[in-house]
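Engineer: After the structure tokens below, expect a handful of questions from me.
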Amino acid sequence: MLLGKGRDGVILTVENLEVHYGRAKVLHNIAFKMDEGELVTIVGRNGSGKTTLLKTLGGFLKPSAGSILFRGQRIDGLGPENVALKGIRYVFQDKRVFGELTVKENIELAAYPIKENLEKAVQKVLSVYPRLEKFLHSKAKGLSGGERQILLIGRVLIGQPQLLLIDEPTEGLAAKIISEITAILLSMKGQFSMIVVEQNLATVARLADKIHIMKEGVMFKEITDPEMIRQPSQYENDL
Amino acid sequence: MLQTIFYGLTIGGILYIISIGLSLTFGAMGIVNFSHGLIYAIGAYTIYAVMAKMGINFILGAVIAVLVSIPFSYIIEKYVIRRLYGESIDYAIIATYAVLLIGVDAIKWIWGASPLPISDPVGISIQFLTMEMPLYRLIIIGLTLLILIGLSLFFKKTIIGKIIIAGLGDREAVRGLGIRLDKYFAIIFILGSALAALGGVLYSPISTLHPYMGFHILILCFAVVIVGGMGNLRGTAIAAFSLGLVMAITGRIWGPAAEAMVYVVMAFVLMIRPIET
Ligand SMILES: Nc1ncnc2c1ncn2[C@@H]1O[C@H](COP(=O)(O)OP(=O)(O)OP(=O)(O)O)[C@@H](O)[C@H]1O
Ligand SMILES: [Mg+2]
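Respectively, the protein sequence lines represent chains A and B.
My numbering applies: residue 1 is where the first sequence begins, and numbers increase by one.
My numbering applies: residue 1001 is where the second sequence begins, and numbers increase by one.
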């Protein structure tokens, strides 16, 4: 299985990470390790730095200090294109599909840089959510929020993803769709290494192998005990 | 009146060909590119040089002029535009304006400051209903329509086109897929510049060449881009033809007001739809 692929089964090592926006320091001394195949969730209030951390891991932001090792190799400062080509796939907050392109073209753009066959890529996405098939040739801006999110999640599974970074997949969605997306994420669990930023603690409790709680740009607390993870009431006051 | 409309469509077509690159550079990279006017002038002066000095015919001359513009736009992209990505828009204005000024001086140095004429390369008019229509102008309209269709197919059907459309909306998301967007923007920049050079070639027989021609057209094209919406391909086409018609119709009523009217329209559009930043 995936475990043991990297050296000692660690896929990601983050050390002393600091990130600034201009002069403002937003992340302070972030450090954590993640195992192959693990599903790590990051929780925290609005503005606590979750997206900033995820974007830094994805290569969109350059840390001002510290390092990010992916299977023992440094990836900080590589830029998002190179990080993506290593198999680290990103789902942005706010369901950012390419609205002017069709659903199929949205998939095509993901398949193209990794030289994946388009039909195979489309099948992959449809295997996650067959109902997208009837929208393949419609512009993506016509999709509902839930459909957009599922398209984006399906799209990161194309080819051989190594690590998935998913930012607030259930934000702003109706309860029914949240449970559908939670089910999709659960079905992916174990097959892929994933970091999921999520504020919905019920979802977190169902998904997580590990929880990192962020507060004002620091990793404030880590929860690894499965018993505790299943009971949000135990940590909701830490947010 | 029909003739006025035809004249308007000719000018509109040329404005479209030139504006498309400007609009894409603005929409995709957030860069106001004054050096676009220089490429346009390079197109015009090259066709002049090859026709007047070497006796080459117009069609071959046009091809040469477009080809000659490519190394210039390549260099401008690589050493100026690429360094301006993500910088404040003021830097882009200053840097590309400097390129345009250098180019204008180079043109004065090589060809002198006085206007140069190019004669109508076709030289025939055709009779259409009650009016005389220079065939050359009809060819321009036809060519513009071909370019319009070609570009829309390019943006709809090719992967480069789709990447640009996606990148116009969300650069970060495109890069996050592992696509080196800068490379595609460079291709589009050079394509847009080649079209500006072609615009210079096509416009020169119905106007005159002078070192400041790049400034002049640029202001009109900015109006087109503002009215059409930056990076909006269809909007650019509609705005170019509409403003071409505005110019021709106003010019028929009172010549000196033709261009002023373009800015009146632009101001009006800005009033009802301010630029989103
Ligand atoms: N582009 C930016 N420029 C300057 N400051 C920023 C920028 N983006 C975020 N910030 C600031 O950085 C801090 C962390 O923001 P971040 O988006 O990482 O938070 P978050 O935990 O993802 O919040 P949310 O739950 O609202 O998505 C906030 O104080 C925010 O205001
Ligand atoms: Mg966020």
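For every residue, glycine included, the Cβ atom is placed at its ideal position computed from N, Cα and C.
Since this is a predicted model, take the numbers as computed values, not measurements.
So, using beta-carbon positions, are residue 1100/B and residue 1038/B closer together than 8 Å?
Structural biologist: Going by beta carbons, residue 1100/B and residue 1038/B fall inside the 8 Å limit.
Engineer: Closest to residue 1036/B by CA distance: which of 1090/B, 1017/B, 1052/B is it?
Structural biologist: 1017/B
Engineer: With DSSP run on the structure shown, which of helix, strand or coil describes residue 75/A?
Structural biologist: coil
Engineer: Does at least one heavy atom of ligand 2 sit under 7 Å from the Cβ of residue 51/A?
Structural biologist: yes
Engineer: Does at least one heavy atom of ligand 3 sit under 7 Å from the Cβ of residue 218/A?
Structural biologist: Looking at this structure, you won't find ligand 3 anywhere; what it does contain is ligand 1 and ligand 2.
Engineer: From this set, 140/A, 219/A, 10/A, 200/A, which residue's C-alpha is nearest residue 252/A's C-alpha?
Structural biologist: As displayed, chain A neither begins before 1 nor continues past 239, which places residue 252/A out of reach and without an answer.
Engineer: So what does DSSP say about residue 15/A, is it helix, strand or coil?
Structural biologist: strand
Engineer: In chain order, what residues of the same chain lie with their CB nearer than 6 Å to the CB of residue 50/A, ignoring the 5 residues before and after it?
Structural biologist: 42, 44, 197, 214
Engineer: At a threshold of 7 Å, does residue 1088/B count as lining ligand 1 (C-beta to nearest heavy atom)?
Structural biologist: Checking the 7 Å criterion, the Cβ of residue 1088/B is out of range of every heavy atom belonging to ligand 1.
Engineer: Can you tell me the Cβ-Cβ gap for residue 138/A and residue 11/A, rounded? I've got them flagged as a contact below 8 Å.
Structural biologist: Rounded, the Cβ-Cβ distance is 37 Å, inconsistent with contact.
Engineer: Less than 7 Å between C-beta atoms, sequence neighbours within five positions excluded: which residues of the same chain meet that for residue 63/A?
Structural biologist: 17, 18, 19, 56, 76
Engineer: Kindly list, in the order they appear in chain B, the residues whose Cβ is closer than 8 Å to that of residue 114/A.
Structural biologist: Here the neighbours are 1178.
Engineer: When Cβ atoms are compared, which residues of the region 70-87 of chain A fall closer than 7 Å to chain B?
Structural biologist: Of all residues in the region 70-87 of chain A, 80, 81, 84, 85 have a Cβ within less than 7 Å of some Cβ in chain B.
Engineer: DSSP puts residue 1132/B in a beta bridge; with which residues?
Structural biologist: 1127/B
Engineer: Since residue 1042/B and residue 1192/B should fall inside the 8 Å C-beta cutoff, what is the C-beta to C-beta distance between them, to a whole number of angstroms?
Structural biologist: Contact between residue 1042/B and residue 1192/B does not hold, since their C-beta atoms are separated by about 14 Å, which reaches or exceeds 8 Å.
Engineer: Is residue 200/A near ligand 1, judged by its Cβ being under 7 Å from some heavy atom?
Structural biologist: No, Cβ of residue 200/A sits at least 7 Å from all heavy atoms of ligand 1.
Engineer: Distance, Cα to Cα, residue 191/A vs residue 1214/B?
Structural biologist: 59 Å
Engineer: Since I believe residue 1224/B is in contact with residue 1248/B (beta carbons under 8 Å), could you give me their beta-carbon distance rounded to a whole number of angstroms?
Structural biologist: About 15 Å separates the two Cβ atoms, so there is no contact after all.
Engineer: Taking DSSP as the reference, what is the three-state secondary structure of residue 136/A?
Structural biologist: coil
Engineer: Would you call residue 1113/B buried or exposed, if buried means 16 or more other Cβ atoms sit within 10 Å of its Cβ?
Structural biologist: Classification for residue 1113/B: exposed.
Engineer: Taking 8 Å as the threshold (C-beta atoms), are residue 1051/B and residue 1118/B in contact?
Structural biologist: Note that the C-beta distance between residue 1118/B and residue 1051/B is below 8 Å.
Engineer: Say yes only if the C-beta of residue 233/A is nearer than 7 Å to one or more non-hydrogen atoms of ligand 1, and no if none qualify.
Structural biologist: Flag unset: Cβ of residue 233/A not near ligand 1.
Engineer: Taking 7 Å as the cut-off, is the beta-carbon of residue 1172/B closer than that to any non-hydrogen atom of ligand 2?
Structural biologist: no
Engineer: Taking 8 Å as the CB-CB cut-off, is residue 90/A touching chain D?
Structural biologist: Absence of chain D from the displayed structure is noted, the protein chains being A and B.
Engineer: Using 7 Å as the cut-off, classify the Cβ of residue 93/A as near or not near the heavy atoms of ligand 2, replying yes or no.
Structural biologist: yes
Engineer: Give the list of continuous alpha helix (DSSP H) stretches no shorter than 4 residues that lie fully inside the region 86-156 of chain A.
Structural biologist: 103-111, 118-128, 145-155
Engineer: Please report how far the alpha carbon of residue 88/A lies from the alpha carbon of residue 52/A, in whole angstroms.
Structural biologist: 16 Å
Engineer: In angstroms with no decimal places, state the Cα-to-Cα distance between residue 103/A and residue 134/A.
Structural biologist: One Cα belongs to residue 103/A, the other to residue 134/A, and the distance between them is close to 10 Å.
Engineer: Tell me which residues of the region 52-70 of chain A have at least one Cβ-Cβ distance to chain B shorter than 9 Å, keeping chain order.
Structural biologist: 55, 58, 59, 60
Engineer: Quick check on residue 171/A - is its C-beta less than 8 Å from some C-beta in chain B?
Structural biologist: Not one chain B Cβ lies under 8 Å of residue 171/A.
Engineer: On the three-pair Cβ rule with 8 Å, is the region 220-231 of chain A touching the region 64-72 of chain A?
Structural biologist: Contact fails between the region 220-231 of chain A and the region 64-72 of chain A, because fewer than three Cβ pairs, one in each stretch, are under 8 Å apart.
Engineer: Let's see if you can read the secondary structure: which residues bound the beta strand (DSSP E) around residue 66/A?
Structural biologist: Run containing residue 66/A: 65-70, per the beta strand (DSSP E) assignment.
Engineer: Three-state secondary structure (DSSP) at residue 193/A?
Structural biologist: strand
Engineer: In terms of residues, what are the limits of the beta strand (DSSP E) holding residue 32/A?
Structural biologist: Taken as a continuous stretch (DSSP letters only), the beta strand (DSSP E) holding residue 32/A covers 24-35.
Engineer: Grouping DSSP H, G and I as helix and E and B as strand, with all else coil, what is residue 62/A?
Structural biologist: Assigned with DSSP and collapsed to three states, residue 62/A falls in coil, not helix or strand.
Engineer: Could you give the distance in angstroms between the alpha-carbon of residue 1116/B and the alpha-carbon of residue 1125/B?
Structural biologist: 23 Å
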